[in-house]
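Numbered per this note's numbering, the sequence shown spans residues 3 to 144.
Ideal Cβ positions, reconstructed from N, Cα and C, are used throughout, including at glycine.
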Amino acid sequence: MAKENIIALKPSEIKELIKQRWTNRHIKTRPLCIVGHKGIGKTDIIRQCAEELSKEQNLPVECRTLNLQFCEPPDFLGLPIVTQDEDGKPLTVHARPQLLPTKGYGIWFFDEANRCHRDARAGMLTILQDRNVNGHAVGSGW
3 MAKENIIALK
13 PSEIKELIKQ
23 RWTNRHIKTR
33 PLCIVGHKGI
43 GKTDIIRQCA
53 EELSKEQNLP
63 VECRTLNLQF
73 CEPPDFLGLP
83 IVTQDEDGKP
93 LTVHARPQLL
103 PTKGYGIWFF
113 DEANRCHRDA
123 RAGMLTILQD
133 RNVNGHAVGS
143 GW
(Lines of atoms letter the chains of each structure in order from A and count residues from 1; the text may use other names and numbers.)
(Lines give C-alpha, C1' and ligand atoms only; values in the text may rest on other atoms or scores of the structure.)
Protein backbone atom coordinates (compact mmCIF):
# COMPACT_ATOMS: atom_id res chain seq x y z
CA MET A 1 0.00 0.00 0.00
CA ALA A 2 1.38 3.37 -0.97
CA LYS A 3 2.10 5.64 1.96
CA GLU A 4 0.14 8.53 0.42
CA ASN A 5 -3.03 6.40 0.49
CA ILE A 6 -3.00 6.02 4.28
CA ILE A 7 -5.36 8.41 6.05
CA ALA A 8 -5.89 8.68 9.82
CA LEU A 9 -9.63 8.75 10.54
CA LYS A 10 -11.79 8.90 13.65
CA PRO A 11 -14.28 6.04 14.19
CA SER A 12 -17.19 8.29 13.17
CA GLU A 13 -15.36 9.17 9.94
CA ILE A 14 -14.76 5.48 9.17
CA LYS A 15 -18.46 4.74 9.65
CA GLU A 16 -19.39 7.64 7.37
CA LEU A 17 -16.98 6.41 4.70
CA ILE A 18 -18.46 2.90 4.86
CA LYS A 19 -22.00 4.30 4.63
CA GLN A 20 -21.04 6.38 1.58
CA ARG A 21 -19.62 3.29 -0.11
CA TRP A 22 -22.72 1.32 0.81
CA THR A 23 -25.17 3.80 -0.71
CA ASN A 24 -23.10 4.51 -3.83
CA ARG A 25 -23.19 1.27 -5.85
CA HIS A 26 -20.25 2.38 -8.01
CA ILE A 27 -17.73 2.36 -5.15
CA LYS A 28 -19.46 0.01 -2.72
CA THR A 29 -17.52 -3.03 -3.85
CA ARG A 30 -14.07 -1.45 -3.49
CA PRO A 31 -12.43 -2.87 -0.37
CA LEU A 32 -11.56 -0.64 2.54
CA CYS A 33 -8.54 -1.50 4.67
CA ILE A 34 -8.75 -0.49 8.33
CA VAL A 35 -5.44 -0.73 10.15
CA GLY A 36 -4.98 -0.32 13.89
CA HIS A 37 -3.69 -1.91 17.05
CA LYS A 38 -5.50 -4.88 18.56
CA GLY A 39 -8.44 -4.00 20.78
CA ILE A 40 -9.12 -0.47 19.56
CA GLY A 41 -12.60 -1.33 18.23
CA LYS A 42 -12.24 -1.97 14.50
CA THR A 43 -14.79 -4.80 14.57
CA ASP A 44 -17.17 -2.78 16.74
CA ILE A 45 -17.08 0.09 14.24
CA ILE A 46 -18.13 -2.30 11.46
CA ARG A 47 -20.93 -3.82 13.57
CA GLN A 48 -22.25 -0.39 14.55
CA CYS A 49 -22.15 0.70 10.92
CA ALA A 50 -24.20 -2.33 9.84
CA GLU A 51 -26.77 -1.63 12.57
CA GLU A 52 -27.04 2.02 11.54
CA LEU A 53 -27.36 1.10 7.86
CA SER A 54 -30.13 -1.35 8.74
CA LYS A 55 -32.11 1.46 10.35
CA GLU A 56 -31.32 4.10 7.72
CA GLN A 57 -31.93 1.86 4.69
CA ASN A 58 -34.82 -0.07 6.28
CA LEU A 59 -33.03 -3.31 5.30
CA PRO A 60 -31.55 -6.09 7.39
CA VAL A 61 -27.82 -5.38 6.93
CA GLU A 62 -25.77 -8.20 8.42
CA CYS A 63 -22.24 -7.81 9.74
CA ARG A 64 -20.18 -10.90 9.07
CA THR A 65 -16.73 -11.01 10.67
CA LEU A 66 -14.24 -13.62 9.52
CA ASN A 67 -11.06 -14.14 11.53
CA LEU A 68 -8.65 -15.06 8.76
CA GLN A 69 -5.93 -16.49 10.98
CA PHE A 70 -8.13 -19.56 11.55
CA CYS A 71 -9.12 -20.09 7.90
CA GLU A 72 -7.89 -22.96 5.75
CA PRO A 73 -7.60 -22.77 1.93
CA PRO A 74 -10.87 -24.71 1.33
CA ASP A 75 -12.72 -22.06 3.37
CA PHE A 76 -12.14 -19.65 0.46
CA LEU A 77 -11.51 -21.94 -2.48
CA GLY A 78 -14.08 -24.66 -1.82
CA LEU A 79 -13.39 -28.37 -1.58
CA PRO A 80 -12.36 -30.07 -4.83
CA ILE A 81 -14.91 -32.47 -6.29
CA VAL A 82 -14.10 -34.98 -9.04
CA THR A 83 -16.93 -35.22 -11.55
CA GLN A 84 -17.11 -35.92 -15.31
CA ASP A 85 -17.08 -33.62 -18.30
CA GLU A 86 -19.45 -34.06 -21.27
CA ASP A 87 -17.17 -36.78 -22.71
CA GLY A 88 -17.18 -38.76 -19.46
CA LYS A 89 -13.59 -37.83 -18.60
CA PRO A 90 -12.69 -36.95 -14.99
CA LEU A 91 -13.03 -33.27 -14.19
CA THR A 92 -12.14 -31.53 -10.95
CA VAL A 93 -14.28 -28.59 -9.86
CA HIS A 94 -14.56 -26.76 -6.58
CA ALA A 95 -17.69 -26.76 -4.43
CA ARG A 96 -19.09 -23.39 -3.37
CA PRO A 97 -17.34 -22.28 -0.18
CA GLN A 98 -19.85 -22.28 2.66
CA LEU A 99 -18.68 -18.94 4.04
CA LEU A 100 -19.33 -17.10 0.74
CA PRO A 101 -22.41 -14.89 1.25
CA THR A 102 -25.04 -15.16 -1.47
CA LYS A 103 -28.27 -13.58 -0.28
CA GLY A 104 -29.29 -10.51 1.62
CA TYR A 105 -27.25 -7.45 2.46
CA GLY A 106 -24.18 -7.12 4.57
CA ILE A 107 -20.70 -5.98 5.32
CA TRP A 108 -18.10 -8.73 5.26
CA PHE A 109 -15.19 -7.86 7.56
CA PHE A 110 -11.96 -9.83 7.09
CA ASP A 111 -10.11 -9.63 10.39
CA GLU A 112 -6.45 -10.52 11.05
CA ALA A 113 -5.49 -10.57 7.35
CA ASN A 114 -1.88 -10.02 8.35
CA ARG A 115 -1.87 -13.33 10.30
CA CYS A 116 -3.48 -15.70 7.82
CA HIS A 117 -1.94 -18.47 5.73
CA ARG A 118 -0.80 -17.35 2.27
CA ASP A 119 -3.31 -19.65 0.52
CA ALA A 120 -6.16 -18.15 2.54
CA ARG A 121 -4.81 -14.68 1.75
CA ALA A 122 -4.82 -15.54 -1.96
CA GLY A 123 -8.47 -16.60 -1.73
CA MET A 124 -9.35 -13.44 0.19
CA LEU A 125 -7.65 -11.23 -2.40
CA THR A 126 -9.52 -12.97 -5.23
CA ILE A 127 -12.81 -12.36 -3.44
CA LEU A 128 -11.95 -8.70 -2.81
CA GLN A 129 -10.77 -8.06 -6.34
CA ASP A 130 -13.09 -10.21 -8.47
CA ARG A 131 -16.02 -10.73 -6.06
CA ASN A 132 -15.93 -14.46 -6.85
CA VAL A 133 -13.74 -17.47 -6.36
CA ASN A 134 -13.59 -20.53 -8.63
CA GLY A 135 -16.72 -19.33 -10.44
CA HIS A 136 -18.76 -18.81 -7.26
CA ALA A 137 -19.85 -15.18 -6.90
CA VAL A 138 -20.35 -13.14 -3.75
CA GLY A 139 -23.93 -11.93 -3.43
CA SER A 140 -24.59 -8.50 -4.95
CA GLY A 141 -25.75 -7.08 -1.60
CA TRP A 142 -22.35 -7.64 0.02
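Please report how far the alpha carbon of residue i lies from the alpha carbon of residue j, in whole angstroms.
i: residue 43; j: residue 62; result: 22 Å
i: residue 23; j: residue 102; result: 20 Å
i: residue 119; j: residue 71; result: 7 Å
i: residue 92; j: residue 138; result: 21 Å
i: residue 33; j: residue 11; result: 16 Å
i: residue 112; j: residue 69; result: 6 Å
On a CA-only basis, which of the options is nearest residue i? Give me that one, please.
i: residue 74; options: 132, 15, 126; result: 126
i: residue 39; options: 116, 136, 138; result: 116
i: residue 146; options: 14, 69, 114, 123; result: With the chain represented from 3 up to 144, any question about residue 146 goes unanswered, as that position is not in the structure.
i: residue 105; options: 49, 66, 12; result: 66
i: residue 143; options: 85, 56, 77; result: 56
Leaving aside the five residues before and after residue i along the sequence, list all residues of the same chain whose C-beta is less than 7 Å from its C-beta, in chain order.
i: residue 51; result: 17, 20, 21, 109
i: residue 140; result: 102, 103, 129, 133, 134
Looking only at its own chain, which residues have a Cβ that is under 8 Å from the Cβ of residue i, when we skip the five neighbours before and after it?
i: residue 79; result: 96, 99, 121, 125, 135, 136
i: residue 88; result: none
i: residue 83; result: 94, 95, 96, 97
Please go through the same chain and pick out, in chain order, the residues whose beta-carbon is closer than 6 Å to the beta-carbon of residue i, but skip the five residues on each side of it.
i: residue 81; result: 97
Per DSSP, residue i forms a beta bridge with which residues?
i: residue 111; result: 67
i: residue 134; result: 139
i: residue 86; result: 92
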